[in-house]
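Colleague: In terms of this note's numbering, the sequence shown opens at residue 93 and continues consecutively.
Heads up, the beta-carbon is just placed ideally off N, CA and C, and yes, glycines get one too.
Please see the structure below; I have some questions.
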Amino acid sequence: MSIPEDFVQELKSRTDIADVISDYVTLKRSGRTLMGVCPFHNDRSPSFSVSRENGFFYCFGCGAGGDVITFLRKIENLDYMEALRKLASRAGMTIPENKGYDQGLMSIKSRIYEANKEAGRFYFKQLYSPDGKNALEYLKKRQISETMIRKFGLGYSPNNRFALVNHLKSKGFSDNELITANLANQSRNGYPFDRFSDRVMFPIFDLSGRVIAFGGRIMSDIKPKYLNTSDTPVFNKSRNLFGLNTAKNHANGTLILVEGYMDVISLHQAGFENAVATLGTALTNEQAMMIKRYCEDVVICYDSDEAGQKATQRAIGILRSTGLNIRILTVPDGKDPDEFMKSHGDKGVSLFRRLLEKSGNDIEYRLNKMREGLDLENNDQRVQYLTNAAELISELDNPVTQDVYLTKLSNELDVQKSALKSIADKAAGKRMKKKRIEMQRQVEIDFSAVKDTLNKEKHLNLRAANAEEALIALMILNPDTAKKIAEEFPTDKFVTTFNRNIYTILCERIKNDKGITMSDISGDFSLDEIGRIAKMLISHQREDDPYSAAKIYTDILYEESERMTPEQIASADNDSIMEQLRKMKMKKQ
Ligand SMILES: [Zn+2]
93 MSIPEDFVQE LKSRTDIADV ISDYVTLKRS GRTLMGVCPF HNDRSPSFSV SRENGFFYCF
153 GCGAGGDVIT FLRKIENLDY MEALRKLASR AGMTIPENKG YDQGLMSIKS RIYEANKEAG
213 RFYFKQLYSP DGKNALEYLK KRQISETMIR KFGLGYSPNN RFALVNHLKS KGFSDNELIT
273 ANLANQSRNG YPFDRFSDRV MFPIFDLSGR VIAFGGRIMS DIKPKYLNTS DTPVFNKSRN
333 LFGLNTAKNH ANGTLILVEG YMDVISLHQA GFENAVATLG TALTNEQAMM IKRYCEDVVI
393 CYDSDEAGQK ATQRAIGILR STGLNIRILT VPDGKDPDEF MKSHGDKGVS LFRRLLEKSG
453 NDIEYRLNKM REGLDLENND QRVQYLTNAA ELISELDNPV TQDVYLTKLS NELDVQKSAL
513 KSIADKAAGK RMKKKRIEMQ RQVEIDFSAV KDTLNKEKHL NLRAANAEEA LIALMILNPD
573 TAKKIAEEFP TDKFVTTFNR NIYTILCERI KNDKGITMSD ISGDFSLDEI GRIAKMLISH
633 QREDDPYSAA KIYTDILYEE SERMTPEQIA SADNDSIMEQ LRKMKMKKQ
């Protein structure tokens, strides 16, 4: 990928990493860096640091790190070029187009976006054609208004296996593009035919409002009712939510999570424009993290049938670990939100609003579930319930909330609060102990570096690997000194392959007069590798006399590369790795 270097330089100089990240993460100053709650893992305490001065971020919790481009790639799920484009438009710059740089994946993706957009238009048009009569009637019968049809861009896929294929081909799309976009399936003879036929179509939009996929609903009771686009280069069903592109603007701190497309649409129609749904699958961690970006409170409003209740329990677990406040809205009489709204006519809106206001948090919900089927007059069952309940309450972070629930429980079932409190404390203590043991184990693993999947050779020579990392960090932080090092220090004195590769790329860039700051090099490495380089930077400060410091590291490397050649490292098998580890541990003791 070669975008003119001077363009990237200019873009970089116009971009403040902290500014960009602030759109997603609330940052607070802490010494020389800015800290916030990490958007990439279930972070409870701020572990996410941003160095404005050096133009990179690093999370002490999950190890994510890199420059501003890496950040955008990760958080918006973009490729390098897309992230660059986004930054450019933010900075009011245009990327010089068609200068012969890599068009591969980029052009496939942009063709798919184009094809999806055209398909969406086509389906919409069909809805109002004679062919679409039944579909339009179906939507009317389900009381979907004209405004909603337009807002969600609903449509109809005709009952003809080649309707869309022929249309898109006439617009210049190739067989391969239609199949890659999953708008068409491939027949045994190799020709494409429409994936969706005789269905009401629901376009799925990404956060930038581009059509990335479709859901198609059959109008009869044949199952499965819905057919969705499979994953494509622009669509991943576990990383998107239906309705989020508009709901995010109406969240106001709260999102409502429902099960189906129809639920989303009828809630939006009723004025609850903060409703979103998963795309025909159970809620994923990625979706939970997306939800967290737009609100602090989430209301789960799944169907009240058994499957819906199971899904609710599962969603609670996933959402709770992100630190979101969770409320549960149970629609009465076994209905889903869409049916509820319809069956109450004009009163639907006010009744739903009342349910929303009344919806309890997930602890209440789980206490009720726990209580189901128990006879609380029976002493054994009563003790069982109280014990489980106290243990559940002990999971609450906030001691005041804990106290509220323990008091409530003690009043309801007429037991001493102190007794409940001691059960809760014991459970919390047990959990703490378990956590401490886990953390200790993790530290040991980190120490032996066995778990280092990126630099697999690090544990073979920690002293060398640490010197290598320090040297790389020093170079990136001190470009002037980096030039001298690159001239003087031979690549083959690096002991570990992973770090040697980084060093080689840095030297190459220096030789060609290219920059080596984080944003200069982020296109040369994978997201994982960039994360690791950020980790090197965060653990090393700028030196007053970088050249002397570099000398210390290179001396270590001259020494260590004598002791252990790259060949020796490469031929080290697992047994000898274990042997080394054993020796290292003995030395420690
Ligand atoms: Zn993190």
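Contact between the region 409 to 418 and the region 377 to 384: three or more CB pairs below 8 Å?
Modeller: The region 409 to 418 is in contact with the region 377 to 384.
Colleague: Excluding the 5 residues flanking residue 353 on each side, which residues of the same chain have their C-beta closer than 7 Å to its C-beta?
Modeller: Answer for residue 353: 294, 307, 334, 369, listed in chain order.
Colleague: Considering only C-alpha positions, which residue in the set 530, 172, 360, 644 is nearest to residue 616?
Modeller: Cα-wise, what sits closest to residue 616 is 172.
Colleague: Write down every uninterrupted run of the beta strand (DSSP E) in the region 139 to 196 whose length is 3 residues or greater and which is fully enclosed by it, in chain order.
Modeller: Counting only runs of 3 or more, we get 140 to 143, 148 to 151.
Colleague: For residue 310, name the three-state secondary structure that DSSP assigns.
Modeller: Of the three classes helix, strand and coil, the one that applies to residue 310 here is strand, per DSSP.
Colleague: Considering only C-alpha positions, which residue in the set 133, 129, 134 is nearest to residue 141?
Modeller: The option with the nearest alpha carbon to residue 141 is 129.
Colleague: Once DSSP output is grouped into helix, strand and coil, what is the label at residue 466?
Modeller: If DSSP states are grouped into helix, strand and coil, residue 466 belongs with coil.
Colleague: Looking only at C-alpha atoms, which of 386, 323, 311 sits nearest to residue 341?
Modeller: Ranking the options by Cα distance to residue 341, first place goes to 386.
Colleague: Per DSSP, which one or two residues make a beta bridge with residue 127?
Modeller: DSSP output for residue 127 lists 120, 141 as bridge partner(s).
Colleague: Let's test the definition: count the other Cβ atoms within 10 Å of the Cβ of residue 591 and tell me whether it reaches 16, buried, or not, exposed.
Modeller: Buried, since its Cβ has 16 or more Cβ neighbours within 10 Å.
Colleague: Just the Cα atoms here: how many angstroms apart are residue 462 and residue 110?
Modeller: Each residue's Cα considered, the two are about 46 Å apart.
Colleague: Any heavy atom of ligand 1 closer than 8 Å to the CB of residue 132?
Modeller: Residue 132: yes, Cβ under 8 Å from ligand 1.
Colleague: Run through DSSP, which three-state label would residue 677 get?
Modeller: For residue 677, the pLDDT reaches just 46, beneath the cut-off of 50, and the residue's location in the model is therefore unreliable, although a value from the coordinates is still provided. Helix at residue 677.
Colleague: How about residue 135: is its Cβ closer than 8 Å to a heavy atom in ligand 1?
Modeller: Yes; taking the cut-off as 8 Å, the Cβ of residue 135 has a heavy atom of ligand 1 nearer than that.
Colleague: Put residue 429 into one of helix, strand or coil per three-state DSSP.
Modeller: In the structure shown, residue 429 sits in a helix (DSSP, three-state: H, G or I).
Colleague: Mark residue 715 as exposed unless 16 or more other C-beta atoms lie within 10 angstroms of its C-beta, in which case mark it buried.
Modeller: As shown, the chain starts at 93 and ends at 681. That puts residue 715 outside it, with no answer to give.
Colleague: Can you look up residue 319 in the DSSP assignment and give me helix, strand or coil?
Modeller: DSSP places residue 319 in strand when its eight states are reduced to three.
Colleague: Buried or exposed, going by whether 16 or more other CB atoms sit within 10 Å of the CB of residue 475?
Modeller: With fewer than 16 other Cβ atoms within 10 Å, it is exposed.
Colleague: Would you mind working out which of 654, 645, 469, 630 sits nearest residue 156, comparing C-alpha positions?
Modeller: Considering only alpha carbons, the answer is 630.
Colleague: For a test of the three-state rule: what should DSSP assign to residue 634, helix, strand or coil?
Modeller: Residue 634 falls in the coil class under three-state DSSP.
Colleague: By the 10 Å Cβ neighbour count, where 16 or more other Cβ atoms means buried, how is residue 472 classified, buried or exposed?
Modeller: Result: exposed.
Colleague: Could you tell me the alpha carbon to alpha carbon distance between residue 346 and residue 363, rounded to whole angstroms?
Modeller: Residue 346 and residue 363: Cα-Cα distance of roughly 14 Å.
Colleague: Please name the residue in 292, 606, 506, 331 whose C-alpha comes closest to that of residue 101.
Modeller: Here the closest residue by C-alpha is 606.
Colleague: Starting from the C-beta of residue 452, find all residues in its chain whose C-beta is less than 7 Å away, skip the five residues before and the five after it, and write them out in chain order.
Modeller: So the qualifying residues of the chain are 419, 420.
Colleague: Is residue 455 buried or exposed, if buried means 16 or more other CB atoms sit within 10 Å of its CB?
Modeller: Residue 455 should be labelled buried.
Colleague: If you follow the alpha helix (DSSP H) that residue 294 is part of, which residue opens it and which one closes it?
Modeller: No alpha helix (DSSP H) holds residue 294; the beta strand (DSSP E) holding it covers 291 to 297.
Colleague: Please state if the CB of residue 267 and the CB of residue 284 are separated by a distance shorter than 9 Å.
Modeller: Yes. Within cutoff.
Colleague: What would DSSP say about residue 284, mapped onto helix, strand or coil?
Modeller: Strand.
Colleague: Just to confirm my understanding: we take residue 507, look at its own chain, exclude 5 residues before and 5 after, and list those with CB closer than 7 Å. What are they?
Modeller: For residue 507, where only same-chain residues beyond five positions count, the Cβ hits under 7 Å are 478.
Colleague: What are the boundary residues of the beta strand (DSSP E) that includes residue 389?
Modeller: Run containing residue 389: 387 to 392, per the beta strand (DSSP E) assignment.
Colleague: Examine ligand 1 and report whether any of its heavy atoms sits within less than 8 Å of the Cβ of residue 181.
Modeller: Result no, Cβ not under 8 Å from ligand 1.
Colleague: Which complete alpha helix (DSSP H) runs does the region 432 to 518 hold, if anything under 4 residues is left out?
Modeller: Listed in chain order, the complete alpha helix (DSSP H) runs (minimum 4 residues) inside the region 432 to 518 are 440 to 450, 454 to 463, 471 to 485, 491 to 505.
Colleague: Could you give the residue range of the alpha helix (DSSP H) that holds residue 262?
Modeller: First-last of the alpha helix (DSSP H) with residue 262: 255 to 262.
Colleague: Going by beta-carbon coordinates alone, are residue 564 and residue 598 separated by less than 9 Å?
Modeller: In this structure, residue 598 lies closer than 9 Å to residue 564 by Cβ.
Colleague: If you follow the alpha helix (DSSP H) that residue 353 is part of, which residue opens it and which one closes it?
Modeller: It spans 353 to 361 - the alpha helix (DSSP H) in which residue 353 sits, taken as one unbroken run.
Colleague: Below 6 Å CB to CB, which residues in the same chain sit around residue 466 once its five sequence neighbours on both sides are set aside?
Modeller: Only 473, 477 meet the Cβ criterion.
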